[in-house]
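Everything in the sequence shown is counted per my numbering, starting at 1 for the first residue and increasing by one. Let me begin by presenting the structure, written as structure tokens, before commenting on it.
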Amino acid sequence: MKTFPMFLTMTGRRVVIVGGGEQAAQKCRLMLKTEAQIEVLADGLDVELHSLAKSGRIVWTRAPITPAQFEGAALVFVATGCPGQDACLHMLAKAGGAVVNVVDQPDLCDAITPSIIDRDPVVVAIGTEGTAPVLARQIKTRLEETLEPRLGDLAALAGRLRGFAADRLGPRQRRDLWAWVFNGPVRDQHAQDGDAPVAAAIKAVITSGKVPEKGPAPVALVGAGPGSSDLITLRGVQRLQEADVIFYDRLVDPGVLELARRDAERVYVGKEPGCHTWPQDRINNLVVSAALRGQRVVRLKCGDPGVFARGAEEAEALAEAGLAYEIVPGVTAASGAAAAVGGFLTERGKTDTLVLTTGRKADANERPDWIQHLSARSNVAVYMGVQSAAQITEVLREAGLVDVVQVTAVSNAQRANQKVLECAAPDLVEQIAQAGLASPAILFLRRTDDAHVAARSAPVALRAV
Ligand code: SAH
């Protein structure tokens, strides 16, 4: 290690920043996270620094710069934006005995500012000694995903209750208490509901002197989103990283699985359309027995686990086995598909009813009932619709609506092979065949016999986006 990471106490200490432009402002923003007194030495200030000086958050000094101005400073940042000037100022700051950071000149730096993940008071600093800033950013992104936004609040709460716990509990109990707080459902609850309920629960445990035993974690039914891996939620990523075993579906993007711990077991339980390789009962049994063995289980489903995902059946099997479950929502395919074509699922004054429906019923002989929802102002999103295109057209024809419905079909939304097709309902089957549009796809059905809708639904040609 050529550099050694340390957390410096900044409260009330002087930090000098030389420069009045954007580079200086960047350093200033960083230092404003601390409780340091910030002094900026510059002839002039940009608007941001100027307003900070006006509000008293920083002190602006215009006097000619001498080594004396750096004496006693905890840190000095040289950031004028001019490398030559920075080198001269570096000498003055060193003459004043300061620890100096010169922007973009590592050879002149006594201290380097790390990449920071800020969950104050929890702070993670990442440094690569200037060798790989891109890697530092990647590590930062990964950690940002895993450390929930409210983690700092939980740490601060623990800090406030530390004395109370020390008065009431022995060392062993305190260790168990904080493991209970940071390791399991308490932390999850804090991530969702914040300080109030969690503070009450921790205080009650300290008062009773009995730290709850760690029970099995609930099975997480996690929505993976419709396609690219950055459409899963942060909570979903967190559950993936905690999981010992992940049961995943056919349409889950491989990139999402990469977000799991490397040593997590991944079990494919996909169903091919039409041929149920993995009967639902078998999936339920697998999930239940893994949870009963004490493994942390994620059941990963494409889109949202509550939309055409048979989540309810799995939840019921878990409940019957006395196991708790948690639903982690995801971006459903209709949202992904609408966004992918720059469209909106509802529009004020134009579309006020959104219907999520399926082209395939559990009982294949049953007639679909979405037709009753197809009004002039509704947007009907049909899941699993490609296979049922002929039936959809037929139902529209029977209802006398086939000539007033425009279809937008989006297959593989939010994936590299996304395809979009717009056509009038009578041409649907033929256009799907011509375009080679395959499952998974969402079909949006909209009536064109409403003035607003008619105005915006000029047919467009097939395009791959
Ligand atoms: N739970 C999922 C739906 C699963 S049912 C969700 O909330 O999205 C499977 C159907 O979802 C597919 O037949 C298709 O209609 C739709 N679907 C899933 N991923 C899709 C994607 N990337 N693009 C278009 N449709 C998709």
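All C-beta atoms in this analysis are idealised placements derived from N, C-alpha and C, irrespective of residue type, glycine included. Note that this is a predicted model, so its numbers are computed, not measured.
{"query": "Close Cβ partners of MET31 (< 6 Å) along its chain, the five nearest in sequence each way excluded", "result": "VAL15, ILE38"}
{"query": "Proximity below 9 Å, CB of ALA220 to CB of ARG299", "result": "yes"}
{"query": "Own chain, CB closer than 8 Å to GLY152, minus 5 neighbours either side, in chain order", "result": "ASP118, ARG119, ASP120, PRO121, VAL122"}
{"query": "Integer Cβ distance of THR408 from PRO329, believed to fall under 8 Å", "result": "Wrong, their Cβ atoms sit about 24 Å apart, outside the cutoff."}
{"query": "Assigned exposure category for CYS302 - 16 Cβ within 10 Å defines buried", "result": "buried"}
{"query": "Other residues of its chain near PRO67: CB distance less than 7 Å, five sequence neighbours each side excluded", "result": "LEU92, ALA95, GLY96"}
{"query": "GLU398 - containing alpha helix (DSSP H), residue span", "result": "389-398"}
{"query": "Near the ligand SAH: GLN414 beta-carbon under 8 Å from a heavy atom", "result": "yes"}
{"query": "ALA433 versus ALA390: straight-line alpha-carbon distance, rounded", "result": "11 Å"}
{"query": "Exposed unless 16 or more other CB atoms sit within 10 angstroms - verdict on TYR268", "result": "exposed"}
{"query": "Beta-carbon proximity check, VAL386 vs PRO426, cutoff 9 Å", "result": "no"}
{"query": "Reference ALA224; option with closest CA among ASP253, PRO216, LYS203", "result": "ASP253"}
{"query": "Near the ligand SAH: LYS301 beta-carbon under 8 Å from a heavy atom", "result": "yes"}
{"query": "Closer than 8 Å: PRO426 CB and nearest the ligand SAH heavy atom", "result": "no"}
{"query": "Of the residues TYR383, PRO106, GLU394, GLY436, the one placed nearest PHE444, counting alpha carbons only", "result": "TYR383"}
{"query": "TYR383 CB to nearest heavy atom of the ligand SAH below 8 Å", "result": "yes"}
{"query": "Alpha-carbon spacing of THR34 relative to ALA243, whole angstroms", "result": "36 Å"}
{"query": "Residues near PRO106 in its chain [Cβ-Cβ closer than 6 Å; skip 5 each side]", "result": "GLY130"}
{"query": "Terminal residues of the alpha helix (DSSP H) in which ASN101 lies", "result": "Run containing ASN101: none in the alpha helix (DSSP H); it sits in the beta strand (DSSP E), 100-102."}
{"query": "Residues that ILE58 bridges to, as DSSP identifies them", "result": "ILE38"}
{"query": "Check: SER208 C-beta below 8 Å from any heavy atom of the ligand SAH", "result": "no"}
{"query": "Neighbourhood of PRO5 by C-beta distance below 8 Å, restricted to the same chain and skipping five residues each side", "result": "PRO114, ALA125, GLY127"}
{"query": "Test item: CB-CB of LEU41 and ALA53 under 9 Å", "result": "no"}
{"query": "Nearest-angstrom Cα separation, counted from ARG446 out to ALA340", "result": "17 Å"}
{"query": "Residue ranges of each beta strand (DSSP E) within the region 119-163, 3 or longer", "result": "122-126"}
{"query": "Whole-angstrom distance between LEU108 and VAL18, CA atom to CA atom", "result": "15 Å"}
{"query": "Helix, strand or coil at PHE182 [DSSP, three-state]", "result": "helix"}
{"query": "Residue interval of the beta strand (DSSP E) (run including GLY223)", "result": "219-223"}
{"query": "Exposed unless 16 or more other CB atoms sit within 10 angstroms - verdict on PRO459", "result": "Confidence at PRO459 is low in this model, with a pLDDT of 37, below 50, so its placement is unreliable and the value that follows should be read with caution. So PRO459 ends up on the exposed side."}
{"query": "THR353 vs PHE344 beta-carbon contact at 9 Å", "result": "no"}
{"query": "Selection from VAL205, PHE182, GLU145, LEU177 that minimises the alpha carbon distance to GLY236", "result": "GLU145"}
{"query": "heavy atom of the ligand SAH below 8 Å from THR332 C-beta", "result": "yes"}
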